[in-house]
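As you go down the protein sequences, you meet chains A and B in turn.
All residue numbers for the first sequence refer to full-length UniProt numbering, where the first residue is 1 and numbers rise by one.
All residue numbers for the second sequence refer to full-length UniProt numbering, where the first residue is 1 and numbers rise by one.
We treat Cβ as the ideally placed atom computed from N, Cα and C, and that holds for glycine.
There are 2 protein chains.
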Amino acid sequence: MTTDARAAAGVGDVGGGVTAAELRLAARNHALPLEALRWPITPPGLHYVLVHYDIPAVDPAAWRLEIGGRVTRPRSLSLAQLRALPAVTRAVTLECAGNGRALLEPRPISQPWLTEAVGTAEWTGVPLALLLDEAGLGDDVVELLFSGLDRGVEDGVEQRYERSLSLADALAGDVLLAYAMNGAPLPPQHGFPLRLVVPGWYGMAHVKWLGAITALTEPFGGYQQAVGYRLYASEEELASGDGDGAPVTRIAPRSLTVPPGIPDFLTRERVLDAGRCVLAGRAWSGRAPIERVEVSADGGEHWSEAALDPPLGPHAWRGWSWTWDATPGAWTICSRATDATGETQPLTPVWNVKGYVNNAVERIPVTVRG
Amino acid sequence: MTTDARAAAGVGDVGGGVTAAELRLAARNHALPLEALRWPITPPGLHYVLVHYDIPAVDPAAWRLEIGGRVTRPRSLSLAQLRALPAVTRAVTLECAGNGRALLEPRPISQPWLTEAVGTAEWTGVPLALLLDEAGLGDDVVELLFSGLDRGVEDGVEQRYERSLSLADALAGDVLLAYAMNGAPLPPQHGFPLRLVVPGWYGMAHVKWLGAITALTEPFGGYQQAVGYRLYASEEELASGDGDGAPVTRIAPRSLTVPPGIPDFLTRERVLDAGRCVLAGRAWSGRAPIERVEVSADGGEHWSEAALDPPLGPHAWRGWSWTWDATPGAWTICSRATDATGETQPLTPVWNVKGYVNNAVERIPVTVRG
């Protein structure tokens, strides 16, 4: 590789210097290749994947979902029993809470996502509210705890992956226990045989390899709730152990673009021919419906309104398109989503210790040739 | 993150310092999570993926395979016509030629694979020899050229992805034009609607998104044959442009282990309890059948013979297992494959400019607790 090529590859860039640990995580987990935004429902294997520990080995014949804690009728359900219950299918966009982390400076050391840790699937399963109703929740229940079968160590704490939802969030519309993804049994990396799906929330809430649901009368204080998945403004706030960083919950608005033209293998920089170019992408928010997408070809100097495709459903991303008259030169494609609450994407990232919820506008450098 | 945690994460390690370009590639492409070695046939979405440029958008109704060049009967075949021909299914292990690249020093800058860019699938399709026989090859044909629909730029050369095989290699047993993977249509990232499968060869030979096969009377001199996928001992040899680095062809022997115990989220380092521990993994070679797998728990000081599972077929990896009496302390698990030619894995990598064929023995650090 020549010196120029090494420079183009970002050797010595502030955005480089990725550690061996981050590389090990990046080799295991994967984002959605941006060109795969062209599909409204993400094809198998292209949906982003984050596995905290290892994908557990689950024998579906022996597996049971244990529903317990403060309930009148504890249950132990087989996969066949779950599949015999009334099922619903919902198109849901999932995004990792750490999406955008590797673009923060200084870069929090964890899974080094750029912008593409997202995907949309059709999830089929049993409404959670139905199962909770059958189990009979005690009057003093405040939260439901969801326990995965995956185990590991994080910050020195040995644990199984567990997260809770408030009673109100758990009973909200369309929270599912999903056993199928895009019409097929869940793939191992997406939680086989059963995962929680909480439309609108970042990925950490959608507990995979679900083994137990426990009705709690006190809020859950486990690692993934009280320490992880919180917004700490400084190391000092994190070190204080007060656990009062704001919790990560619903997905902030974001838009991504199918990169136009063709890529350079190494740098992923794009080249395209001058002329009419239809830019397209997808935008989503877990907080309210997408109301507006703007597109810029000059890095955010000027913005134009994109046309929105018909909605796929209340929990899925929304397609958009905008026709660009591309003239020769160097350009930077940006898109910006705004939802019905008026929340929009910042132009520059908002930093926090663990690197969550960085929904800053994506920048795609392209060269247009005459 | 504390200073200790940053040190444990490899900040400042010689193995760190990964560039922004490498991270962009690592976010798109993905390896097999090592625990997924437990499946003899890799489940959908877990098989390694390397996409050189972009996954092309293919309309299967409009798509044709063009068979031309020096043939008596040029053909233009639809997917339905291909599916109507006699089909075979073969379990084939595929590995990226760049697997192990990120463990070389200095690290060649490209897709930064560690050890896990591998997978085994059941590929279904039409024997290539059958189609070539129908097309009628001219007597002076020396190579077959396989052209993908994916386009991009590499080292300044704009190209579609193309690779050739000698007539002998193309007509060899079990070379397939595959339209199904594990019983389902090819996923987009694995070459939908058709890819070449060349059992025993590294991944670069298995041309995806196949659009054309051309019978050539002179050897192909395109980028991916004459410049890429060659073993250059030095930058000077590469820069000389003689194109006489040895070509990358068949897969060298390698063995990987399902990591025992549970991982630390960030460092992926493993901890397990003392006692009997069955270590298992898979070994493969594209050059000859696997004849022997040895396992070491002490980083290669002492080796023991693993038991081999029955073969899955002539082109697929071979399962192995070995029972370890794990005693408290820090250990390094290694495994080493030897094939029927006697070729085995080196303990330290053999460096080359582009970082191909690094099949050095894998090292998995583990801590056993009492």
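Taking the C-beta atoms as reference points, A360 (chain A) is found nearer than 8 Å to L103 (chain A). Runs of alpha helix (DSSP H) with 4 or more residues, each lying fully within the stretch 124-193 of chain A, are found at 128-135 and 167-171, listed in chain order.
In terms of Cβ geometry, A274 (chain A) and T327 (chain A) form a close pair [threshold 8 Å]. In the structure shown, the three-state DSSP call for E291 (chain B) is strand. Cβ neighbours of R369 (chain A) within its own chain (closer than 7 Å, five residues either side excluded): V271, D273, A274 and P328.
Under the 8 Å criterion on CB atoms, L46 (chain B) is classed as interfacial with respect to chain A. Under the Cβ criterion of 8 Å, W113 (chain B) is counted among the residues facing chain A. Contact of Y229 (chain B) with chain A is not assigned, every C-beta pair being separated by 8 Å or more.
Check the Cα spacing between R24 (chain B) and each of A:T267, A:A233 and A:A129: the tightest is with A:T267.
A straight-line Cα-Cα distance of about 35 Å links T214 (chain A) and P40 (chain A).
In the three-state reduction of the DSSP assignment, A121 (chain A) falls in the strand class, which pools E and B. The criterion of a C-beta distance shorter than 8 Å is satisfied by Y48 (chain B) and L32 (chain B). Residue nearest to I262 (chain A) within the set B:R151, B:F146, B:R90 and B:A91 is B:R151 (criterion: CA-CA distance). For R83 (chain A), no beta strand (DSSP E) run applies; the uninterrupted alpha helix (DSSP H) run containing it begins and ends at L79 to R83, by DSSP. Within chain B, the residues P33, A36, P43, G45 and L46 have their CB atoms less than 9 Å from the CB of Q189 (chain A), given in chain order. Nearest in C-alpha terms to T323 (chain B), of all of B:Q345, B:V295, B:L347 and B:G342, is B:V295. Residues of the stretch 241-264 of chain A with a C-beta less than 8 Å from any C-beta of chain B: P259, I262, P263 and D264, listed in chain order. In this structure, G136 (chain A) lies near R73 (chain A), with their beta-carbon atoms less than 8 Å apart.
Beta bridge pairing from DSSP links P365 (chain B) with B:T332. The shortest C-alpha to C-alpha distance from T338 (chain B) to any of B:P349, B:G300, B:A252 and B:L279 is the one to B:A252. Between the stretch 172-179 of chain B and the stretch 231-245 of chain B, the count of C-beta pairs closer than 8 Å stays below three; the two stretches do not touch. The DSSP-derived three-state label of G203 (chain B) is helix. Chain B has no Cβ within less than 8 Å of the Cβ of I364 (chain A).
Close to T267 (chain B), with beta-carbon spacing below 7 Å, are these residues of chain A in chain order: A21.
Check the Cα spacing between T124 (chain B) and each of B:P193, B:R70, B:D139 and B:P60: the tightest is with B:P193. Contact between L46 (chain B) and G119 (chain B) holds, with the beta-carbon distance rounding to 7 Å and staying under 8 Å. One Cα belongs to G69 (chain B), the other to F146 (chain B), and the distance between them is close to 11 Å. For E105 (chain B), no Cβ of chain A is located within less than 8 Å of the residue's own Cβ. When B:D169, B:G148 and B:G228 are compared, the shortest CA-CA separation from G191 (chain B) is found for B:G148. In terms of CA proximity to A21 (chain B), B:S110 leads the group B:G138, B:S335, B:L312 and B:S110. Cβ neighbours of P60 (chain B) within its own chain (closer than 8 Å, five residues either side excluded): L79, F192 and P193. Secondary structure at L103 (chain B): helix, using DSSP grouped into helix, strand and coil. Inter-residue distance for M204 (chain B) and L171 (chain A) is about 50 Å (C-alpha atoms, whole angstroms). Rounded to the nearest whole angstrom, the C-alpha separation of Q189 (chain A) and G211 (chain B) is 32 Å.
The three-state secondary structure of L210 (chain B), taken from DSSP, is strand. Where L23 (chain A) is concerned, the enclosing alpha helix (DSSP H) starts and stops at A20 to R28.
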